[in-house]
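For the sequence shown, my numbering begins at 52 and goes up steadily by one.
Don't be surprised by glycine CBs; every beta carbon is placed ideally from N, CA and C.
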Amino acid sequence: MFGERRAKAEAVSLSGGALDVVVLPSGASLTLRFAKPDDAEGLQHYFRSLSVHSRTDRFLGALSELSPRELGRFVDAGEDGRFSVLAVTTEDGFETIVGEARYAFAADMGDVELGLSVDDRRQGRGIGSALLHHVQCRAAALGVERLFGDTLRSNAGMMGLARKSGFAFAPSPGDWKLVRFEKYLGVSSPLQQTSRASRRLAAGALAATPGVPRSCEEIIPAASAA
Ligand SMILES: CC(C)(COP(=O)(O)OP(=O)(O)OC[C@H]1O[C@@H](n2cnc3c(N)ncnc32)[C@H](O)[C@@H]1OP(=O)(O)O)[C@@H](O)C(=O)NCCC(=O)NCCS
């Protein structure tokens with residue numbers, strides 16, 4: 052798929068470098084970047100250090116850490132249309148992972164699915180908003196119609212974040228314990244004018260279509276990090 056190849060190429064060219072630097076309401080700066088293979092240990096440490104509650108919310112069930120296979124996938128940007136974005140802070144030259152978002156790009160469906168988490172000690176400071184806004188930007192740049200995720204109905208934090216970020220809610224297909232948050236990005240693109248059967252082709256054409264928004268700010272209001 053052309054769209055996926057484009058995304059993968061972009062990931063490779065940007066990996067190692069910052070995708071975005073966000074100033075949080077506190078004035079602290081936060082760097083967002085793709086996860087890369089040498090983040091495996093740090094990312095596993097990050098997931099282990101989340102509270103049981105946050106890990107359950109993040110992975111929709113009990114999980115103490117990622118399996119080596121899943122961890123390998125997490126740090127392989129672009130593999131299978133999936134990307135992990137890390138939120139990191141740097142103090143005294145040491146980088147700390149304080150949040151992560153993972154999204155999957157399905158060019159044939161014209162959508163992006165995401166999940167995210169923020170270190171418990173740093174929740175409520177705008178990091179989740181920054182990550183969610185960033186993923187919206189990535190999705191918009193990929194020309195997708197819809198961004199969505201599933202969360203536990205009991206997850207007030209994620210539902211509050213999604214609501215504040217303009218997502219709507221719908222039942223999650225097949226699981227009453229979950230709720231789906233979703234947002235149509237309003238990208239006027241060939242994807243919206245085609246049947247599902249032809250979307251795969253349209254997604255390929257999209258990258259070459261003049262006038263299709265490439266930058267987030269064209270269609271999504273500037274980040275309100277709070
Ligand atoms: C959900 C989560 C990612 C939010 O991240 P965060 O950095 O705390 O979010 P922010 O500080 O950007 O909060 C933005 C808005 O979300 C809403 N929000 C955040 N936490 C909330 C809570 N516990 N209850 C209700 N609303 C909440 C608020 O509207 C908040 O805006 P405000 O601070 O102006 O009131 C974080 O709580 C988390 O990691 N939870 C565990 C993992 C998880 O649930 N992942 C979701 C799986 S899809």
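Residue i versus residue j: straight-line alpha-carbon distance, rounded
{"i": "Ser223", "j": "Ser105", "result": "20 angstroms"}
{"i": "Asn206", "j": "Phe110", "result": "12 angstroms"}
{"i": "Phe134", "j": "Gly177", "result": "21 angstroms"}
{"i": "Ala191", "j": "Phe232", "result": "17 angstroms"}
{"i": "Arg204", "j": "Val126", "result": "29 angstroms"}
{"i": "Thr245", "j": "Gly93", "result": "Summary for Thr245: the model assigns pLDDT 45, below 50, so the residue's position carries little reliability; its value from the coordinates is reported in the next sentence. Straight-line Cα distance between these residues: approximately 43 angstroms."}
{"i": "Ser102", "j": "Val163", "result": "27 angstroms"}
{"i": "Val225", "j": "Gly200", "result": "Here residue 225 turns out to be Gly, not Val, going by the sequence shown. Going from the Cα of Gly225 to the Cα of Gly200 covers about 14 angstroms."}
{"i": "His185", "j": "Val149", "result": "15 angstroms"}
{"i": "Ser216", "j": "Ala152", "result": "15 angstroms"}
{"i": "Gly68", "j": "Met160", "result": "29 angstroms"}
{"i": "Trp39", "j": "Met210", "result": "The question about residue 39 has no answer, for the chain in this structure spans 52 to 277."}
{"i": "Val230", "j": "Arg214", "result": "12 angstroms"}
Candidates the options: closest to residue i by CA position
{"i": "Glu116", "options": "Arg84, Phe220, Gln95", "result": "Gln95"}
{"i": "Leu165", "options": "Phe85, Tyr154, Ser216, Gly129", "result": "Tyr154"}
{"i": "Val139", "options": "Met209, Val72, Gly78", "result": "Val72"}
{"i": "Ala158", "options": "His185, His184, Leu193, Phe145", "result": "Leu193"}
{"i": "Ala128", "options": "Pro119, Phe145, Ala86", "result": "Ala86"}
{"i": "Leu81", "options": "Trp227, Gln174, Thr141", "result": "Thr141"}
{"i": "Glu146", "options": "Tyr97, Ser118, Gln174, Met210", "result": "Tyr97"}
{"i": "Asp171", "options": "Arg214, Asp143, Gly208, Val230", "result": "Gly208"}
{"i": "Arg120", "options": "Asp143, Pro88, Gly144", "result": "Pro88"}
Residue range of the alpha helix (DSSP H) that includes residue i
{"i": "Ala113", "result": "Per DSSP, Ala113 belongs to no alpha helix (DSSP H) and is neither H nor E."}
{"i": "Lys215", "result": "207-215"}
{"i": "Leu94", "result": "91-100"}
{"i": "Val186", "result": "178-192"}
{"i": "Glu130", "result": "Looking at the DSSP string, Glu130 is not in any alpha helix (DSSP H), and its letter there is neither H nor E."}
{"i": "Phe10", "result": "For residue 10 there is no data in the structure shown, the boundaries of the chain being 52 and 277."}
Own chain residues within Cβ distance below 8 angstroms of residue i, not counting five before or after
{"i": "Asp131", "result": "Arg124, Ala155"}
{"i": "Leu236", "result": "Gln187, Ala190, Ala191, Val195, Glu196, Arg197, Leu198, Ile270, Ile271"}
{"i": "Thr107", "result": "Ala113, Leu114, Leu203"}
{"i": "Ser77", "result": "Arg176, Gly177"}
{"i": "Ala62", "result": "Bear in mind that a pLDDT of 47 at Ala62, under 50, signals an unreliable position, so the number given afterwards is only what the model happens to contain. If we look at Ala62 and ignore the five residues flanking it on each side, its Cβ neighbours are Phe85, Ala128, Gly129, Phe134."}
{"i": "Phe182", "result": "In the sequence on display, residue 182 carries Leu and not Phe. The answer, listed in chain order, is Leu83, Val136, Ala138, Gly150, Glu151, Ala152, Leu167, Val169."}
{"i": "Arg99", "result": "Ser115, Glu116"}
Residue range of the unbroken beta strand (DSSP E) whose run includes residue i
{"i": "Gly166", "result": "162-169"}
{"i": "Ser135", "result": "133-142"}
{"i": "Gly150", "result": "145-157"}
{"i": "Arg197", "result": "197-203"}
{"i": "Phe85", "result": "80-85"}
{"i": "Leu70", "result": "69-74"}
{"i": "Leu229", "result": "229-235"}
{"i": "Pro222", "result": "219-222"}
Contact check, residue i vs residue j, beta carbons under 8 angstroms
{"i": "Ser180", "j": "Leu212", "result": "yes"}
{"i": "Arg84", "j": "Leu75", "result": "no"}
{"i": "Lys234", "j": "Ala219", "result": "yes"}
Residues of its chain near residue i, where Cβ-Cβ distance is below 6 angstroms and the 5 sequence neighbours each way are ignored
{"i": "Ala91", "result": "Leu122, Val126"}
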